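Peer 1: Structure in structure tokens, see below.
Protein chains in written order, with my numbering: chain A, 14 to 147; chain B, 14 to 147; chain C, 14 to 147; chain D, 14 to 147; chain E, 14 to 147; chain F, 14 to 147.
Printed below as a string of structure tokens:
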């Protein structure tokens, strides 16, 4: 299995509901450094999984839709705890949709699975890893 | 598959037996920077895999049982080479036992598999990755 | 010159005022990974600059006073942009005060200068570096 | 599953053919920081997956066959784009051949799969992950 | 002293002349991960050293003038070894010129010194650190 | 000021005397990832501070004299706490001696100062920084 991984980041405010979160129930924030890994069984005729430049642009566009926001105010996330692992899934779904729309090129539709990792600090991270629906 | 990863470290002395180890047959030591990844198929009702704060505390407790010791003197490791990959398994077993005892919360019993990685330097690491017995 | 550096992190929400900040004028947040470097000309009789364990505790206490907060709501920071470099100075002042109060041990009063670096992402950081007033 | 990972790097010049590559169609170059992960189900009688020292030497030898070259001039790569993911496969094949020749020791033939990751910058990487043919 | 640091990278081909360089006398290449640190005594009225967003854009523009090139073909570098430390100076001079032209904003002319570090691998780096001429 | 930095590591056992060290009074160990930065005002005629390859070899030789040892048994360190910052000075002195003996080449005698940093974990480091005596 071949893969290509690109990295970018986004910065948000949010709060969590539930006693398990302790002081993180207060409004606070985070920088998430995001790695998106694209995987496929065979390289395309250019010798690539996806174009790294194009993947970087798609990731930047996806993260621009999240960054510099208070996620508590986003309708889409109402009633949800926007934890690191939850946000990894959000990024996964948006990257998958961009692939389906052809934004990474026609060849990128051969991508079989994607792993999204969000590092919230030097000591903690969350991820979502799944197949792409064809 | 969702995952959460937490990081901590421990520092030990030990020596290895076997010609393959060369100068590492002498008493020496290591810092191990430890990443523990917890994985499960679905998030719990709080939107998490495990609570990052609680996972960090469990990992700290597990590593406190190893750190600042000469592993050559530990009865449990007599006749064993405490290599990086062997110690990754030791940490795995102790984290798995903590989950089974409910120390990460009742919900953490839904964790399906765990990966433990020990980085012994900027150029070498060992790991153990396995399912949790239910 | 000898030095010792310890690392920890904190997570906050805030917003900036001023057109130069663009989208960061909206309420958002950040994780800051903090390195504090303590410097002195000579080691003490134990052979240390400061005790790494004690320095880690002092840093944790300082960052607990900032973390999991919306800095826009803190009286102390009213009318100020809590930029990365500004917060580096805040951490510097609080660490310097802890040293002056003897919280790092009597010997730590020999520390001559301190550098505080806050990494806000994998691609940006701010710092404050200065002498300690005796 | 146990694993051991070792790291080294190589530095090459090359160019790509295909419009998707944009300015990378010009002759340029890269440093690749290479991680090779060796995996097996059980440790050998020494308590290891492979000897880290020996694995480091094998990786150094493999990369010496690529480093400080213009890959456009290598007969083996004529008509191929030597992308990061393509080169990950090249390193995989050469490491697999070294294992098959016994260069990591007789026990290393128990290695079941290998993952090779090439980091081309702080924001992009490529990898190849596959089983070893027995 | 306050500082702000931003990071980006560039990828080039080149060769060196001189026996000391050994195999690096052959045409090869490198990825340079570049950190540029801007320093000044006092923050401006916005509470910043320089705007991180603007500094990132200036660095990107400077590196675009170097990246995806064979430096052996650049008239400017004829008869020079484009070593890591030499290139750190080149980036320094171009960033300094951009500041002098006002591209980081009028306030950035208060920047007193700049440090440029180029990491060529996980084990080697070069830098240039100097005052800005007023 | 120009600089070049090279990285390597060593692994040792030791114990500390003094209550401040808590559990580190027991025999334990550490991996130290070592960065040595060489600085000089002007580049030599090859365009370098020191040759990175040669500096790497000198550092490897210096660290081989420390690695895979129990420092408590080394006559040279009797009655001393081999703390991170103390060992940074030891490495500094040995690198300085190698430069004085010409092991980095005649030109390297122009090196004006050296900084040695030892990272003992992902959250702690010690360093020594000083001029070279001519």
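For every residue, glycine included, the Cβ atom is placed at its ideal position computed from N, Cα and C. None of these values were measured; they are calculated from a predicted model.
Using a threshold of 8 Å, state whether the C-beta atoms of residue 108(D) and residue 49(D) are closer than that.
Peer 2: Yes. Within cutoff.
Peer 1: Can you check DSSP and say which residues form a bridge with residue 83(A)?
Peer 2: Per DSSP, 26(A).
Peer 1: Using a Cβ cut-off of 9 Å, which residues of the region 94-120 of chain D contact any Cβ in chain A, in chain order?
Peer 2: Those would be 94, 95, 96, 97, 98, 99, 101 and 102, in chain order.
Peer 1: Helix, strand or coil for residue 63(F) per DSSP?
Peer 2: It is coil, neither helix nor strand.
Peer 1: What is the C-beta distance between residue 76(B) and residue 47(B), in whole angstroms, given that I count them as a contact (C-beta under 8 Å)?
Peer 2: Rounded, the Cβ-Cβ distance is 6 Å, consistent with contact.
Peer 1: Can you pull the chain B neighbours of residue 82(F), defined as C-beta to C-beta under 7 Å?
Peer 2: The answer, in chain order, is 39 and 41.
Peer 1: Going by DSSP, name the residue or residues bridged to residue 20(E).
Peer 2: BP columns for residue 20(E) point to 48(E).
Peer 1: Taking the straight line between their C-alpha atoms, what separation do you get for residue 97(D) and residue 83(E)?
Peer 2: If you take the alpha carbons of residue 97(D) and residue 83(E), they lie about 19 Å apart.
Peer 1: Looking only at C-alpha atoms, which of 41(B), 123(B) and 29(B) sits nearest to residue 93(B)?
Peer 2: Nearest option by C-alpha distance: 29(B).
Peer 1: What is the residue span of the beta strand (DSSP E) that residue 142(A) lies within?
Peer 2: First-last of the beta strand (DSSP E) with residue 142(A): 137-144.
Peer 1: Only counting the same chain, and skipping five residues up and downstream in sequence, which positions put a Cβ closer than 7 Å to that of residue 54(D)?
Peer 2: Closer than 7 Å at Cβ, skipping near neighbours: 14 and 125.
Peer 1: Which residues in chain A have a C-beta closer than 8 Å to the C-beta of residue 36(C)? List them in chain order.
Peer 2: What residue 36(C) touches in chain A: 80 and 81.
Peer 1: Tell me the DSSP bridge mates of residue 96(A)?
Peer 2: Beta-bridge pairing links residue 96(A) to no other residue.
Peer 1: Can you find the residues in the same chain that come closer than 6 Å, C-beta to C-beta, to residue 121(A), ignoring five residues on each side of it along the sequence?
Peer 2: Excluding sequence neighbours, residue 121(A) sits near 63 and 112.
Peer 1: Strictly below 7 Å CB to CB, what residues from chain F border residue 60(C)?
Peer 2: 93, 94, 96 and 99, listed in chain order.
Peer 1: Thinking just about the alpha-carbon of each residue, which of 117(A), 51(A) and 58(A) is nearest to the one in residue 143(A)?
Peer 2: Answer by Cα proximity: 51(A).
Peer 1: Would you grab the beta carbon distance between residue 39(B) and residue 45(F) for me? Rounded to a whole angstrom, and I think it's under 8 Å.
Peer 2: The pair is not a contact, with the Cβ atoms about 16 Å apart (cut-off 8 Å).
Peer 1: Out of 101(B), 88(B), 58(B) and 41(B), state which residue places its alpha-carbon closest to the alpha-carbon of residue 56(D).
Peer 2: Checked all of 101(B), 88(B), 58(B) and 41(B); the closest Cα to residue 56(D) is 101(B).
Peer 1: Look up residue 31(A) in the DSSP assignment and say whether it is helix, strand or coil.
Peer 2: Reduced to three states, the DSSP call for residue 31(A) is coil.
Peer 1: Which word fits residue 21(E), buried or exposed, when buried means at least 16 other C-beta atoms lie within 10 angstroms of its C-beta?
Peer 2: Buried.
Peer 1: Hey, residue 25(C) and residue 43(C): beta-carbon distance below 8 Å or not?
Peer 2: Yes, they are a contact pair.
Peer 1: Quick one: is residue 133(F) buried, meaning 16 or more other Cβ sit within 10 Å of its Cβ, or exposed?
Peer 2: Buried: at least 16 other Cβ atoms inside 10 Å.
Peer 1: Does the beta carbon of residue 140(E) come closer than 8 Å to any beta carbon on chain C?
Peer 2: It does not; no Cβ of chain C falls within 8 Å.
Peer 1: So the candidates are 139(C), 110(C) and 146(C); which of them puts its Cα closest to the Cα of residue 68(C)?
Peer 2: Of the listed residues, the one whose Cα sits closest to residue 68(C) is 110(C).
Peer 1: May I ask you to report which of helix, strand or coil DSSP gives residue 123(B)?
Peer 2: Three-state DSSP puts residue 123(B) in a helix.
Peer 1: Just to make sure I have the definition right: I need the residues of chain C whose C-beta is within less than 8 Å of the C-beta of residue 136(F). Which are they?
Peer 2: Correct list: 19, 20, 21 and 69.
Peer 1: When the cut-off is 8 Å and only beta carbons count, does residue 64(D) lie next to chain B?
Peer 2: So yes, residue 64(D) belongs to the interface.
Peer 1: Quick check on DSSP: helix, strand or coil for residue 133(F)?
Peer 2: DSSP places residue 133(F) in strand when its eight states are reduced to three.
Peer 1: In three-state terms, what does DSSP make of residue 53(A)?
Peer 2: Reduced to three states, the DSSP call for residue 53(A) is strand.
Peer 1: Using CA coordinates, which residue listed in 135(C), 59(C), 106(C) and 60(C) is at the minimum distance from residue 78(C)?
Peer 2: Nearest C-alpha to residue 78(C): 106(C).
Peer 1: Using only the alpha-carbon positions, how far apart do residue 131(F) and residue 117(B) sit?
Peer 2: Using only the alpha carbons, I get a separation of about 35 Å.
Peer 1: Can you find the residues in the same chain that come closer than 8 Å, C-beta to C-beta, to residue 59(A), ignoring five residues on each side of it along the sequence?
Peer 2: Answer for residue 59(A): 120, listed in chain order.
Peer 1: How would you list, in chain order, the residues of chain D whose beta-carbon sits under 7 Å from the beta-carbon of residue 56(A)?
Peer 2: Near residue 56(A) (Cβ distances below 7 Å), the residues of chain D are 98 and 99.
Peer 1: What's the gap between the Cα of residue 89(C) and the Cα of residue 95(C)?
Peer 2: Each residue's alpha carbon lies about 10 Å from the other.
Peer 1: Please decide whether residue 33(B) counts as near chain D, where near means a Cβ-Cβ distance under 8 Å.
Peer 2: Chain D contact via Cβ: present.
Peer 1: Going by DSSP, name the residue or residues bridged to residue 118(D).
Peer 2: Residue 118(D) pairs with nothing; no bridge assigned.
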